[in-house]
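Numbering (our numbering), first residue to last: 817 to 1430. Cβ atoms here follow ideal geometry from the backbone N, Cα and C, with glycine treated the same way. All of these numbers come straight from a predicted model, not from anything done at the bench. All remarks here apply to the structure that follows.
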Ligand code: AGP
């Protein structure tokens, strides 16, 4: 999705802005642009090109110690040079970069046209630039902040935005409503970004803007205030910065060719971090201090509902299975993107779990807000500390996976499932999960990083298997109970990065229709955990084989000889934890298949890392 960078301070702004844009490329974009003021007017360079090309095109230096920049993901209007941000008002004084969607853009554009303003782009953002300029003209002595506040009063929709007035090159104004904005506090300089990735190479001291907040940012200071307030009421204050533990290297490739493989390899360490301080050998349970719930409150939970989008939703399904199995509490998962639209019944005894790597997914955030509006108790299971969902929930489980750059989520999904095992064990141990089972699980959890390392050591074998199937146009991913969400996530990984059509099916559902599709051109990846359903899964494989379908078995069991065309055998662990491990060979399978097909692994077509619009 779109990315925002802003800078004000003692450095040349344009290299900082371009570097920031480069760091935000992973979010997905179709055009890029930059504005730096010069003699009372913003000099703007923007085009539907990659950031590297924009950098190459900037032949003439852009001196200036303040500026704004943007990577755009088209929503209103095609991906063209003119629709790229920054957008200017008619006088060419105000420049705006904006993430989000203005819902009443058409009405605003008509009003502006009626007043004689000529709009040059098809975007919703351009209207904001004109509205701010008009507000400045109306209140001759008003501050830029007041003009932005007044303009945004007419705007419905979501935004994270930065405004530059070329006649006031000593300040930038930023505002947030539904799209993330973070300020980076430097020494006599300030950075603005939609994502920490753009600013951690300069500073670790940050301030997250809340929804409905606005800030005036100067080189040495910033002041926040409410978007709602009028000039007199605005409660101007400086929020206290927090220190993030991320470094620039966290966003660098190091020895790896792409982020997806790097992040796959970071999983043992991510899991170690996520387990740190959370295993309790004495009471054979887990600690999740971020839940802020005592044993009595944990016992009062009658139901658990997991909400997430895409892979986070599939991880939620793994979570629902774990909670039901370990704690014997009814649990299910639902796509967060559907939740608010069906006027959900909110139950006060249900624990709602909002799952998100980025913590900024608009659909998941909206589900959280719907829950809070109706008084539901919701926790966040989030990777990005300080993100909107983390802050909105106020309590939950941080994944500690470290920054995830690749669009295809790997280490975040693994640590999500791990968090649900921790949650299931905790809920189970305040109910009827025995000490012996608690001990068994704690030992299994502790063994996970080493087991993941053993799976990663199988990479060459998995790569060879993946390459063999690169000719396929379609694939089935089949799983049963514990294996079902694993199959869904495996299919998701494959389609995302290889563009091969992959469909996940529950093993027992095959015979109710999809079996008709099986022939020698339709490979099936079958998840075969070493559990009580093993023989049932062998039966499924036989059914597919009998119809000539090639089989790739992903298993931690000993399979009968010649049952499958390809067997990827991984180490075992406690059966409840199988889904965590069985997903990892599927990441490598998708990765190597996509690599063989020459895909852009980290930036798959049409997708963005963080989906901050509806
Ligand atoms: C995962 O590989 C996908 N890119 C996607 O489904 C993702 O999991 C989904 O958009 C949710 O993102 P979030 O975890 O940041 O909320």
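Nearest-angstrom Cα distance between residue i and residue j?
| i | j | result |
| --- | --- | --- |
| residue 824 | residue 1007 | 7 Å |
| residue 1231 | residue 1224 | 14 Å |
| residue 1323 | residue 1300 | 8 Å |
| residue 1269 | residue 871 | 40 Å |
| residue 1239 | residue 1067 | 29 Å |
| residue 1213 | residue 936 | 46 Å |
| residue 1080 | residue 1086 | 10 Å |
| residue 1095 | residue 1201 | 22 Å |
| residue 1222 | residue 1354 | 35 Å |
| residue 1111 | residue 1255 | 19 Å |
| residue 1050 | residue 1041 | Because the pLDDT at residue 1050 is just 48, under 50, the model does not fix this residue reliably, and the point stays unresolved. |
| residue 1075 | residue 1312 | 15 Å |
| residue 1247 | residue 1109 | 15 Å |
| residue 1463 | residue 952 | Nothing can be reported for residue 1463: it is not among the residues displayed for the chain, which extend from 817 to 1430. |
| residue 1370 | residue 1151 | 26 Å |
| residue 1147 | residue 911 | 49 Å |
| residue 1161 | residue 1044 | 31 Å |
| residue 983 | residue 852 | 12 Å |
| residue 1352 | residue 1294 | 12 Å |
| residue 1218 | residue 1186 | 29 Å |
| residue 980 | residue 819 | 16 Å |
| residue 976 | residue 1169 | 26 Å |
| residue 1257 | residue 1390 | 7 Å |
| residue 1197 | residue 1215 | 7 Å |
| residue 991 | residue 913 | 11 Å |
| residue 1119 | residue 1164 | 10 Å |
| residue 1037 | residue 1157 | 42 Å |
| residue 1137 | residue 1297 | 8 Å |
Reducing DSSP to helix, strand and coil, say where residue i ends up.
| i | result |
| --- | --- |
| residue 1173 | coil |
| residue 792 | Since the first residue shown for the chain is 817 and the last is 1430, residue 792 is missing from the structure and cannot be characterised. |
| residue 1015 | coil |
| residue 1251 | helix |
| residue 1111 | helix |
| residue 1116 | coil |
| residue 1006 | strand |
| residue 988 | strand |
| residue 1141 | helix |
| residue 858 | strand |
| residue 920 | coil |
| residue 998 | strand |
| residue 1353 | helix |
| residue 1072 | coil |
| residue 891 | coil |
| residue 946 | helix |
| residue 1327 | helix |
| residue 1149 | strand |
| residue 1281 | helix |
| residue 1033 | strand |
| residue 932 | coil |
| residue 1047 | Reliability of the predicted coordinates at residue 1047 is poor, the pLDDT of 49 falling under 50, and no value is obtained from them. |
| residue 1021 | strand |
| residue 1319 | strand |
| residue 906 | coil |
Would you call the CB atoms of residue i and residue j closer than 7 Å?
| i | j | result |
| --- | --- | --- |
| residue 844 | residue 821 | no |
| residue 1330 | residue 1288 | no |
| residue 917 | residue 902 | no |
| residue 838 | residue 865 | no |
| residue 987 | residue 1032 | yes |
| residue 893 | residue 939 | yes |
| residue 1209 | residue 1229 | no |
| residue 1381 | residue 1366 | yes |
| residue 1319 | residue 1364 | no |
| residue 1328 | residue 1290 | no |
| residue 861 | residue 874 | yes |
| residue 829 | residue 909 | no |
| residue 1252 | residue 1393 | no |
| residue 1155 | residue 1178 | no |
| residue 895 | residue 846 | yes |
Regarding residue i and ligand 3, is the C-beta to nearest heavy atom distance less than 6 Å?
| i | result |
| --- | --- |
| residue 1133 | Ligand 3 is not part of the structure shown, which contains ligand 1 as its ligands. |
For residue i, decide whether its Cβ has a neighbour in chain B, counting only Cβ atoms nearer than 7 Å.
| i | result |
| --- | --- |
| residue 998 | No chain B is part of this structure, which consists of one protein chain only. |
Inset, instruction - Flag this pair as touching only if the stretch 992–1003 and the stretch 1405–1412 have three or more C-beta atom pairs under 8 Å; answer yes or no. - result: no
Inset, instruction - Flag this pair as touching only if the stretch 1142–1160 and the stretch 1396–1404 have three or more C-beta atom pairs under 8 Å; answer yes or no. - result: no
Legend entry - Three CB pairs or more closer than 8 Å across the stretch 967–983 and the stretch 916–930: yes
Inset, instruction - Count the C-beta pairs between the stretch 1000–1015 and the stretch 944–961 that are closer than 8 Å, then say yes if the count reaches three, no if not. - result: no
Legend entry - Inter-stretch contact (C-beta, 8 Å, three-pair minimum) for the stretch 1097–1115 and the stretch 1254–1269: yes
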